[in-house]
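Visitor: Protein chains in written order, with my numbering: chain H, 170 to 497; chain W, 397 to 561.
Just so you know, even glycine gets a beta-carbon here, dropped at the ideal spot from N, CA and C.
One structure is given below, represented as structure tokens, and several questions about it will come after.
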């Protein structure tokens, strides 16, 4: 791990000012950041510990709920109101990582976790996300866990989280404090960015921005389902290949969001939809299938693994579809 | 200052020191093991303020004022905890490298069950979970055992959990 200057922020303005400086990063749970610092993927000059900030409460916010940025994944999944009114969120959180990790990981930090692309985490490999301009090892390389939607010719990495998929389906928003003292709310659907020409920027956060909370609107009625498809089990210790959510009721139609198959951001903003006319969840449309096929043929010559939702016709050569398990 | 098994210690000067390295190197408590050092194997699991965490993925300087319990604080060879005794009885290990992490993890897990925390295999997250073997396996999935002593680990935990309820 490279040396760094360690600071503790006692107030929000102190945190935004300290992280505004070049090379400074905020640390909360640290489960992803410390791992990447050990690998020298992240090399902050200054590490600003924000754990002392009063952002660790879950409180009623209008008709909905406000989850402080420092609320741990465990505390969010254990909260009675979330278990009762937003079971989709509790299920998505519990579907990820391990209890030890969820005990440290925070709501804000979880949104900021970085891709698990093995070219990104290996500093001997080229990676435009880690080192802009160095190239992408995954494109035309071994790419078993990479994006099939939302890629660019710079990056085909995915966003690894479970929680954000549920938050997107629930129309949650991220509340962000800026270094100039301002505050803004960004829908979770718009928080993560597509790689484009700047794959090094995972999300819309600017230097000095600190996430303070995630707000949930009023609960939706109906049954809520979180479905996660993984290449192997136990599924909780790895990230999803495909994760989709659907808080549903027949009268309101299906609301879905899908994550992770898409490059490094919200697959949900384009793929999510509300089908008031349908009593079945929207399935993979022909347009989506064509987009997947385009990505696979263009960037994934080594391993064109087809996702189960658009498996090739019987008789063609393709790998066995990954294990599918339905979350209760 | 940081309290480890009831004794106070000064925090390390180098902020890079992980809690795991601090416990093993600076405090001299080598019961906590370094396996992968990336939060995947669970061998470094310790209990901080009643919560189990991976000590490899946290910096010691971030634990000013915290109370840490390691395997040395859970029991001794002369006075083992109920889980330690059950692991011996049920042969819940072979090489033993993952065992301190398994026992720290299971110790906290039994409290989590008692507190009604849901898991990924809980049918309805709004309901209190019951401790089935499937629940034990899911909740212990953060602790890997390369010897494959899982079935005996589950048996040991089940016995202690059954005695408690």
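1) Considering residue 369 of chain H, what are the terminal residues of the beta strand (DSSP E) in which it resides?
2) Do residue 397 of chain H and residue 331 of chain H have their C-beta atoms within less than 8 Å of each other?
3) Give the DSSP bridge partners of residue 356 of chain H, in chain order.
4) Could you list which residues in chain W have their beta carbon closer than 9 Å to that of residue 179 of chain H, in chain order?
5) How should residue 532 of chain W be labelled, buried or exposed, when 16 other C-beta atoms within 10 angstroms of its C-beta is the threshold for buried?
6) Taking the C-alpha atoms as reference points, what is the distance between residue 318 of chain H and residue 263 of chain H?
7) Let me know if residue 334 of chain H comes out buried or exposed under the rule of 16 or more other beta-carbons within 10 Å of its beta-carbon.
8) On the criterion of 16 or more Cβ atoms from any shown chain inside 10 Å, does residue 476 of chain H qualify as buried, or is it exposed?
9) If you follow the beta strand (DSSP E) that residue 220 of chain H is in, where does it begin and where does it stop?
10) Rounded to a whole number of angstroms, what is the C-alpha to C-alpha distance between residue 474 of chain H and residue 459 of chain H?
11) Is the shortest distance between the beta-carbon of residue 247 of chain H and the beta-carbons of chain W less than 8 Å?
12) Given that residue 252 of chain H touches chain W, what residues does it touch there, using C-beta distances under 8 Å?
13) If you count every other CB in all the chains shown that lies within 10 Å of the CB of residue 172 of chain H, and 16 or more means buried, which is it?
14) Sort out for me which residues DSSP pairs residue 176 of chain H with in a bridge.
15) Can you find a CB in chain W that lies within less than 8 Å of the CB of residue 439 of chain H?
16) For chain H, check one thing: does any of its Cβ atoms lie closer than 8 Å to the Cβ of residue 405 of chain W?
17) So with CB distances below 7 Å, who are the chain H contacts of residue 349 of chain W?
18) Helix, strand or coil for residue 445 of chain W, going by three-state DSSP, please let me know.
19) Return the first residue and the last residue of the alpha helix (DSSP H) that residue 206 of chain H is part of.
20) With a cut-off of 8 Å, do at least 3 Cβ pairs link the stretch 229-242 of chain H to the stretch 496-504 of chain W?
21) Can you find a C-beta in chain W that's less than 8 Å from the C-beta of residue 199 of chain H?
22) Label residue 206 of chain H either buried or exposed according to how many other C-beta atoms from any shown protein chain fall within 10 Å of its C-beta, with 16 as the threshold for buried.
23) Decide if the stretch 335-348 of chain H is in contact with the stretch 320-327 of chain H; the criterion is three or more beta carbon pairs, one per stretch, under 8 Å apart.
24) Leaving aside the five residues before and after residue 195 of chain H along the sequence, list all residues of the same chain whose C-beta is less than 7 Å from its C-beta, in chain order.
25) How many whole angstroms separate the CB atoms of residue 565 of chain W and residue 399 of chain W, which I take to be in contact at a CB cut-off of 8 Å?
26) Measure the CB-CB distance between residue 491 of chain W and residue 432 of chain W and report whether it falls below 8 Å.
27) From the DSSP output, in three-state form, read off residue 397 of chain H for me.
28) Can you tell me which of the three DSSP states residue 411 of chain W falls into?
29) Just confirm the distance between the C-beta atoms of residue 292 of chain H and residue 208 of chain H, as a whole number of angstroms; I'd bet it's less than 8 Å.
30) If we cut at 8 Å on Cβ distances, does residue 263 of chain H have a partner in chain W?
Guide: Taking the definition as stated:
1) Per DSSP, residue 369 of chain H lies in no beta strand (DSSP E) segment and is marked neither H nor E.
2) Cβ atoms of residue 397 of chain H and residue 331 of chain H: closer than 8 Å.
3) Answer is H:342.
4) Chain W residues near residue 179 of chain H: none, gap ~13 Å exceeds 9 Å.
5) Buried, by the Cβ-count rule.
6) Taken atom to atom, the span from the alpha-carbon of residue 318 of chain H to that of residue 263 of chain H is near 26 Å.
7) That one is buried.
8) With a pLDDT of 48 at residue 476 of chain H, under the threshold of 50, the modelled position of that residue is not reliable, and the figure given next carries that caveat. With 16 or more other Cβ atoms within 10 Å, it is buried.
9) No beta strand (DSSP E) holds residue 220 of chain H; DSSP gives it neither H nor E.
10) Confidence at residue 474 of chain H is low in this model, with a pLDDT of 49, below 50, so its placement is unreliable and the value that follows should be read with caution. Approximately 14 Å, taken between the alpha carbons.
11) Cβ-Cβ to chain W under 8 Å: yes for residue 247 of chain H.
12) The answer, in chain order, is 514, 521 and 522.
13) So residue 172 of chain H ends up on the exposed side.
14) Per DSSP, H:217.
15) Residue confidence for residue 439 of chain H is low, a pLDDT of 32 falling below 50, so the modelled location carries little weight and cannot support an answer.
16) Interface annotation, residue 405 of chain W: not in contact with chain H, CB-CB separation never under 8 Å.
17) Here chain W has residues from 397 to 561 only, and residue 349 of chain W is not among them.
18) In the structure shown, residue 445 of chain W sits in coil (DSSP, three-state: anything other than H, G, I, E or B).
19) Annotation for residue 206 of chain H: the continuous alpha helix (DSSP H) segment containing it runs 202-207.
20) Note that the stretch 229-242 of chain H does not touch the stretch 496-504 of chain W; fewer than 3 beta-carbon pairs, one per stretch, sit closer than 8 Å.
21) True, the Cβ-Cβ gap to chain W drops below 8 Å.
22) Flag for residue 206 of chain H reads buried.
23) As far as the Cβ criterion goes, the stretch 335-348 of chain H does not touch the stretch 320-327 of chain H, which means the pair count is below three.
24) Exclusion of the five residues before and after residue 195 of chain H leaves 184, 188, 217, 219 and 379 as the residues of its chain whose Cβ lies within less than 7 Å of its Cβ.
25) Residue 565 of chain W is absent from the structure shown; chain W starts at 397 and stops at 561.
26) Between residue 491 of chain W and residue 432 of chain W, the C-beta spacing is not below 8 Å.
27) Collapsing the DSSP output to three states places residue 397 of chain H in a strand.
28) Reduced to three states, the DSSP call for residue 411 of chain W is coil.
29) That pair is a contact at about 7 Å.
30) Yes, residue 263 of chain H counts as interfacial toward chain W.
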